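> Below is a structure I'd like to ask you about.
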Amino acid sequence: MSKLSFKRRIASSFIVATAVIVAVVFIVVYFTVYFTVYNRLDNDLSYEAEKHISEVHLHEGSLVYIDLTGLKEAEHREVQVNPVFIQLYNKDGSPSDKSPNLKENSLVLDKQNVGSHVTTVLADKQIRQFQIPYIKDGEIKGYIVTAMSLESTLVVLNNLLYTLLISYPIILLGLFLISYKLAARSIVPVMDITATTRRITQSNLSERVELPEKDDELHELVVSINNLLDRIQGAIVREKQFTSDASHELRTPLSVLQGTLEVLVRKPRQPEEYQEKAGLCLDEVARMNRIIDQLLELARFDNHPVLDEKNTLPVAEIVKQILLRRDIQIEDKQLKIELDLTNYSNVLRVSAFHGEIILDNLISNAIKYSKQEGAISISIKSSDDRVSFVIKDQGIGIKKDDLERIFQPFFRSQALQHKQIKGVGLGLSIVRKAADAINADLSVESQEGSGTTFTVDFKGILRMN
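Structural data, given as structure tokens:
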């Protein structure tokens with residue numbers, strides 16, 4: 001099956017529809033003219049018959065003209081110019097009198113079609129004929145037959161028919177060429193889109209399809225394609241980032257595992273040494289699991305999620321769930337948690353997935369870096385268009401020079417001075433990406449040795465009345 005181009009399909013579909021419409025119009029035109037011409041001819045015949053019925057009478061049983069003046073008119077004498085033929089018949093069907101233009105010819109009386117207009121033949125030429133009875137004293141005494149030539153009528157109808165038949169394919173051909181040209185012009189933007197998308201490869205994902213000037217369906221299509229390319233580019237960038245980060249961060253624990261196992265296989269050792277090295281290996285495996293989990297979280301963020309009742313939660317509810325999960329860690333460090341909900345309304349909800357990641361990481365860090373028997377204060381406030389979350393700890397704080405770097409992947413402030421605090425440096429990087437994904441503002445204030453305050457303004461909210 002041959003491949004038909006889109007513009008040819010458009011042109012073909014258009015021409016098929018047009019062909020049907022034009023054919024219907026032409027048929028209507030032809031038959032309108034046909035019935036109009038024949039109706040006018042029939043009316044003229046009826047008029048002539050009624051006119052002549054008053055000009056005849058019975059004479060010795062035959063139907064004859066009272067006065068022959070009417071038959072001397074040109075239309076009754078001549079054959080060339082709009083002839084009107086008249087023939088009188090007696091009651092028994094025998095011819096009685098006729099118009100001079102009939103000469104040696106006669107009109108045929110058809111008693112079956114008295115009162116009707118019929119098409120018949122006179123001298124090998126088509127005529128239109130009408131016959132009515134001559135009635136006197138309630139009885140039919142004879143018949144008047146009138147007829148007119150159909151030559152001029154048939155010439156008009158045939159000329160019209162030939163004109164329509166000849167013009168039909170010419171019109172269709174012209175319309176096809178016009179529609180083909182218009183279709184070709186209409187798909188130029190589509191061809192541009194195709195050419196642009198063909199140029200876009202994995203190594204050239206930054207190029208985008210140019211938006212059409214008119215805000216129409218093609219404009220919406222291009223916007224959708226560009227949005228799709230943005231998502232694809234983001235996914236590939238995240239994939240590359242995940243691969244790069246994973247290979248970078250997993251190299252250290254894998255090296256530790258390799259070195260530890262190499263030491264163990266060199267010579268037989270005491271059970272205590274095997275237990276110690278096995279514990280070290282388990283710690284490194286757990287660390288790798290944490291790294292992979294956090295890297296996966298970084299890689300799967302989708303910007304600007306659609307918020308609805310199913311995927312949103314009130315901020316206070318998310319915080320309470322996190323504190324409940326972290327209850328053992330809080331008790332181990334004997335921390336005091338202060339939760340202020342004075343200016344908070346539960347009708348405002350945020351993305352449950354992103355809110356959980358942001359708040360869990362911030363609360364986890366506050367617990368992790370707080371001093372023993374310290375305090376953590378959490379304040380949640382809501383206004384018309386946002387929810388603000390503020391968490392303040394009394395922990396070790398962050399150096400001023402490190403504040404601008406804490407959101408970078410794998411960065412840990414003063415990691416060597418606080419080796420007892422486990423982590424891989426991805427938590428705040430995840431928080432930043434999650435906040436950006438839902439258009440939330442994230443800020444930090446810290447003083448080394450005194451504690452840290454994180455503030456999150458959730459602006460992408462859903463109001464539940």
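Heads up: the sequence shown is residues 1 to 465, going by my numbering. Ideal Cβ positions, reconstructed from N, Cα and C, are used throughout, including at glycine. Just so we're clear, the structure is a prediction, and the values are computed from it rather than from any experiment.
Can you say whether residue 328 is buried or exposed, counting buried as having 16 or more other CB atoms within 10 angstroms of its CB?
Exposed, because fewer than 16 other Cβ atoms sit within 10 Å of the Cβ of residue 328.
> Looking only at its own chain, which residues have a Cβ that is under 6 Å from the Cβ of residue 363, when we skip the five neighbours before and after it?
If we look at residue 363 and ignore the five residues flanking it on each side, its Cβ neighbours are 322.
> Among 137, 109 and 87, which has the Cα closest to the Cα of residue 101?
Nearest C-alpha to residue 101: 87.
> Of the choices 23, 221, 360 and 332, whose alpha-carbon is the least far from that of residue 166?
Looking at the Cα atoms, 23 is the closest of the given residues.
> What does the alpha-carbon distance come out to for the pair residue 5 and residue 206?
Rounded to the nearest angstrom, the two C-alpha atoms are 30 Å apart.
> Excluding the five sequence neighbours on either side, which residues of its own chain have a C-beta within less than 7 Å of the C-beta of residue 208, listed in chain order?
Only 226 and 229 meet the Cβ criterion.
> Determine the closest residue to residue 296 out of 139, 368, 65 and 235, with distance taken between C-alpha atoms.
Looking at the Cα atoms, 235 is the closest of the given residues.
> Spatial neighbours of residue 120 within its chain, please: CB distance less than 7 Å, with the 5 preceding and 5 following residues excluded, ordered by chain position.
Contacts found: 108, 127 and 129.
> Could you name the residues that DSSP lists as bridge partners for residue 313?
Answer is 350.
> Quick check: the segment 153-168 against the segment 28-38, are there 3 or more CB pairs under 8 Å?
Yes, the segment 153-168 touches the segment 28-38.
> Please determine, among 51, 199 and 65, the residue with the shortest C-alpha to C-alpha distance to residue 57.
Nearest of 51, 199 and 65 to residue 57, Cα basis: 65.
> Can you tell me the Cα-Cα spacing of residue 403 and residue 217, whole angstroms?
Between residue 403 and residue 217, the C-alpha separation is close to 48 Å.
> Give me, in chain order, the residues of the same chain whose beta-carbon lies closer than 7 Å to that of residue 123; leave out the 5 immediate sequence neighbours on both sides.
Counting only Cβ-Cβ distances below 7 Å, and skipping sequence neighbours, we find 105.
> Just mark residue 417 as buried or exposed, buried being the case when its beta carbon has 16 or more other beta carbons within 10 Å.
Note that residue 417 has pLDDT 48, beneath the 50 cutoff, so the model's placement of it is unreliable and the number below is only indicative. Counting Cβ neighbours within 10 Å, residue 417 comes out exposed, since fewer than 16 surround it.
> Quick check on residue 153: does DSSP put it in helix, strand or coil?
Of the three classes helix, strand and coil, the one that applies to residue 153 here is helix, per DSSP.
> Around the Cβ of residue 146, are there at least 16 other Cβ atoms within 10 angstroms (buried) or fewer (exposed)?
Burial call: buried.
> On the three-pair Cβ rule with 8 Å, is the segment 330-338 touching the segment 374-381?
Enough Cβ pairs lie closer than 8 Å, so yes.
> Three Cβ pairs or more, each shorter than 8 Å: is that satisfied between the segment 193-202 and the segment 14-23?
The segment 193-202, when compared against the segment 14-23, does not touch it at the 8 Å Cβ threshold.
> Bridge partners for residue 446 per DSSP, in chain order?
DSSP lists 452 as partners of residue 446.
> Note down the Cα distance separating residue 258 from residue 288, rounded to an integer number of angstroms.
Straight-line Cα distance between these residues: approximately 14 Å.
> Find the nearest neighbour of residue 365 within the set 279, 452, 312 and 282, judged by alpha-carbon distance.
Out of 279, 452, 312 and 282, 452 has the C-alpha closest to the C-alpha of residue 365.
> Which two residues bound the contiguous beta strand (DSSP E) that contains residue 391?
Note, residue 391: beta strand (DSSP E), 387-393.
> Could you give the C-beta distance for residue 138 and residue 63, rounded to a whole number, given that I count them as a contact under 8 Å?
Actually they are not in contact, since the Cβ atoms of residue 138 and residue 63 sit about 16 Å apart, beyond 8 Å.
> In terms of alpha-carbon separation, which member of 131, 103, 125 and 99 lies closest to residue 112?
Closest by alpha carbon: 131.
> For residue 48, which of 28, 455 and 148 has the nearest alpha-carbon?
Nearest option by C-alpha distance: 148.
> When DSSP labels each residue in this structure, what does residue 262 get in the three-state scheme?
If DSSP states are grouped into helix, strand and coil, residue 262 belongs with the helices.
> Who are the near neighbours of residue 202 in its chain, counting only those whose CB is closer than 7 Å to its CB and skipping five residues on each side?
So the list reads 236, once near-sequence residues are dropped.
> Quick one: grab the DSSP three-state call for residue 39.
Here residue 39 sits in helix by DSSP.
> Under the three-state reduction of DSSP, which class applies to residue 26: helix, strand or coil?
Helix, per DSSP.
> Within its chain, find whatever has a CB closer than 6 Å to the CB of residue 420; leave out the 5 residues flanking it on each side and keep chain order.
Residue confidence is low: residue 420 scores 49 on pLDDT, short of 50, so the model does not pin down where it sits. No coordinate-derived value is stated.
> For residue 130, which of helix, strand or coil comes out of DSSP?
Residue state, collapsed to three classes: strand.
> At the level of alpha carbons, what is the spacing between residue 458 and residue 9?
So the two alpha carbons sit approximately 52 Å from each other.
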